[in-house]
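Residue numbers (my numbering): 7 to 465.
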């Protein structure tokens, strides 16, 4: 697959500054996703009815504001504010960090209504700032470079940067389970580091105003209509939804998986994160090498099929007596096979490129916001599915051990539910249209369009 190497690539400083943002993003979102179900559902013992109602409220509120947050940066007056993306990273990042810090201070330990309100306010506020900051950060990359190889390289560097951010996440569960006050101090330090990094990134990175300075982005309703009319976008957001559900089923329920990992909390948490780092890297490197000869779509399809096989076989093996430690083998194999997730965001960049070719202007924020609108349902879907599966199989909250049926249910949640999500995603990615000659033609037209925009801006 051609990468159109004549497209501009970023300088080393620009690349470093861009991927630096993965550190605070991983810290804030990683710790929150890892612990929020544990904190509200398992620790504060929010009743399942309130948890489900709160999850549905969160799903509706935050899905609706994704349209507006995505469009907000597209419509920002660059002459007035100096940028249309970076201003939200510079100031929104510190506010996001503050919300993260305040989440971990219980409003009540025994009043279910107050715990419920705390739950809803915290997850809605956290997600609002997460969406705002991450959307504009993601929207920057397809504007900064159109080179496919460069985008894939930066996505890999994001994983390395994210690994650095994952270091404190490794210890978060251990600190949380041992002493809430120590965890609150820990969360405060992480929030401060994240706020400073976002301020530096927003103050240092530069945009490419020539791509949008003289554009008039259409109205909200027209933008939504044109976005939803894109077959590329619909198929992308469909398989991305199932990716997102799988991500949350993995990280949000580590407190339950601890019972089947065969180690203490700290060791299991460390191995869990290291598995993602080591085998995730190896998988990503393998897929990057393969992408030089095989198209992304084919790699994703083959990778998903392999992931499904590993999950099903792994489940059938680990439900046998004495086979619990083999969970780590199949977990490592599954993580390696899932290296195709490296292409997740580059796939969306192709969708925004196609939109610019078809309509003449860039509106990454709108696409990212609409994408967020749909996948944010995954937050609540994953939480509801996960907790419902655990309850169905008799999971006992905050208990030192679990009965056999609950252990079976935890293994079912760890292997079979993700396999179902992967199968659904496989069907969606099969119909993604930007591959082969269609992709090559779109890339060629994009190059011509950007050359025209640059000349018009310079004149």
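In this text, a Cβ means the ideal position worked out from N, Cα and C, and glycines have one as well.
#1: Report yes or no: do the stretch 174–187 and the stretch 369–386 share at least 3 C-beta pairs separated by less than 8 Å?
#2: Looking only at its own chain, which residues have a Cβ that is under 6 Å from the Cβ of residue 170, when we skip the five neighbours before and after it?
#3: Sorted by chain position, which residues of the same chain lie with C-beta nearer than 7 Å to residue 65's C-beta, five sequence neighbours on each side aside?
#4: Going by the CB atoms, is the gap between residue 107 and residue 52 shorter than 8 Å?
#5: Could you check the C-alpha separation between residue 444 and residue 141 for me, to the nearest Å?
#6: How many Å lie between residue 400 and residue 129 at the Cα?
#7: Is the number of C-beta pairs between the stretch 199–215 and the stretch 339–356 that are closer than 8 Å three or more?
#8: Since residue 332 and residue 324 should fall inside the 8 Å C-beta cutoff, what is the C-beta to C-beta distance between them, to a whole number of angstroms?
#9: Can we say the stretch 190–204 touches the stretch 299–314, given the rule of at least three CB pairs closer than 8 Å?
#10: So the candidates are 152, 20 and 136; which of them puts its Cα closest to the Cα of residue 35?
#11: Indicate the three-state DSSP secondary structure (helix, strand or coil) for residue 388 in the structure shown.
#12: Note down, one range per segment and in chain order, each alpha helix (DSSP H) of at least 4 residues found wholly within the stretch 283–354.
#13: Among the candidates 425, 412, 360 and 248, whose CA atom is the shortest distance from the CA of residue 236?
#14: Check whether the stretch 280–295 and the stretch 398–413 touch, using three or more Cβ-Cβ pairs below 8 Å as the test.
#15: Would you say the beta carbon of residue 30 comes nearer than 7 Å to a heavy atom of the ligand ADP?
#16: Could you tell me the distance, in whole angstroms, from the CA atom of residue 429 to the CA atom of residue 422?
#17: Are the stretch 86–106 and the stretch 388–403 touching by the rule of at least three beta carbon pairs closer than 8 Å?
#18: Hey, how far is the Cα of residue 339 from the Cα of residue 27?
#19: If I follow the unbroken alpha helix (DSSP H) through residue 249, where does it start and stop?
#20: For a quick check, are the C-beta atoms of residue 20 and residue 456 less than 8 Å apart?
#21: For the putative contact between residue 138 and residue 307, defined by C-beta atoms under 8 Å, what is the C-beta separation to the nearest angstrom?
#22: Return the CA-CA distance between residue 125 and residue 59, expressed in angstroms with no decimal places.
#23: Distance, Cα to Cα, residue 238 vs residue 424?
#24: Note down the Cα distance separating residue 294 from residue 158, rounded to an integer number of angstroms.
#25: With a Cβ-Cβ cutoff of 8 Å, do residue 103 and residue 258 count as a contact?
#26: Might you give, ordered along the chain, the residues of its own chain that have their beta carbon closer than 7 Å to the beta carbon of residue 190, omitting 5 neighbours on each side?
#27: Does the distance from the C-beta atom of residue 175 to that of residue 40 stay below 8 Å?
#28: Closest by CA to residue 244, which one among 134, 131, 271 and 438?
#29: How far does the alpha helix (DSSP H) with residue 49 in it reach, from first residue to last?
#30: Can you give the Cα-Cα distance for residue 13 and residue 327, rounded to whole angstroms?
#31: Grab me the residues of residue 270's own chain with a C-beta within less than 8 Å of its C-beta, minus the 5 sequence neighbours each way, in chain order.
#32: Buried or exposed: residue 116, going by 16 or more other Cβ atoms within 10 Å of its Cβ?
#33: For my contact list, residue 172 and residue 32 are in at a C-beta cut-off of 8 Å; report their separation, rounded to the angstrom.
#34: Rank 179, 420 and 23 by C-alpha distance to the C-alpha of residue 48 and give the top, closest one.
#35: Which of the three DSSP states, helix, strand or coil, is assigned to residue 457?
#36: Does the distance from the CB of residue 345 to the CB of residue 286 come in under 8 Å?
A quick look at the data gives this:
#1: Flag = no, the stretch 174–187 and the stretch 369–386 do not touch.
#2: These residues qualify, in order along the chain: 29.
#3: 382, 383, 385 and 386
#4: no
#5: 27 Å
#6: 27 Å
#7: no
#8: 6 Å
#9: Counting C-beta pairs closer than 8 Å gives fewer than three between the stretch 190–204 and the stretch 299–314, which falls short of the contact rule.
#10: With distances taken between Cα atoms, residue 35 lies closest to 136.
#11: Residue 388: helix per DSSP, three-state reduction.
#12: Listed in chain order, they are 302–324 and 332–343.
#13: Ranked by Cα distance from residue 236, the first of 425, 412, 360 and 248 is 360.
#14: Contact between the stretch 280–295 and the stretch 398–413 is absent, with fewer than three C-beta pairs closer than 8 Å.
#15: Absent from the structure shown: the ligand ADP. Ligands present: none.
#16: 11 Å
#17: Touching, no.
#18: Approximately 29 Å, taken between the alpha carbons.
#19: 237–257
#20: no
#21: No, residue 138 and residue 307 are not in contact; Cβ-Cβ is about 33 Å, not under 8 Å.
#22: 11 Å
#23: 24 Å
#24: 7 Å
#25: With contacts defined by Cβ atoms closer than 8 Å, residue 103 and residue 258 do not form a contacting pair.
#26: 110 and 111
#27: yes
#28: 438
#29: No residue range can be given for residue 49, since it is assigned to no alpha helix (DSSP H) and is classified by DSSP as neither H nor E.
#30: For residue 13, the predicted model reports a pLDDT of 49, less than 50, meaning its position is unreliable and no value from the coordinates is stated.
#31: none
#32: exposed
#33: With 8 Å as the limit, residue 172 and residue 32 qualify as a contact, their Cβ atoms being about 5 Å apart.
#34: Nearest C-alpha to residue 48 among 179, 420 and 23: 179.
#35: helix
#36: yes
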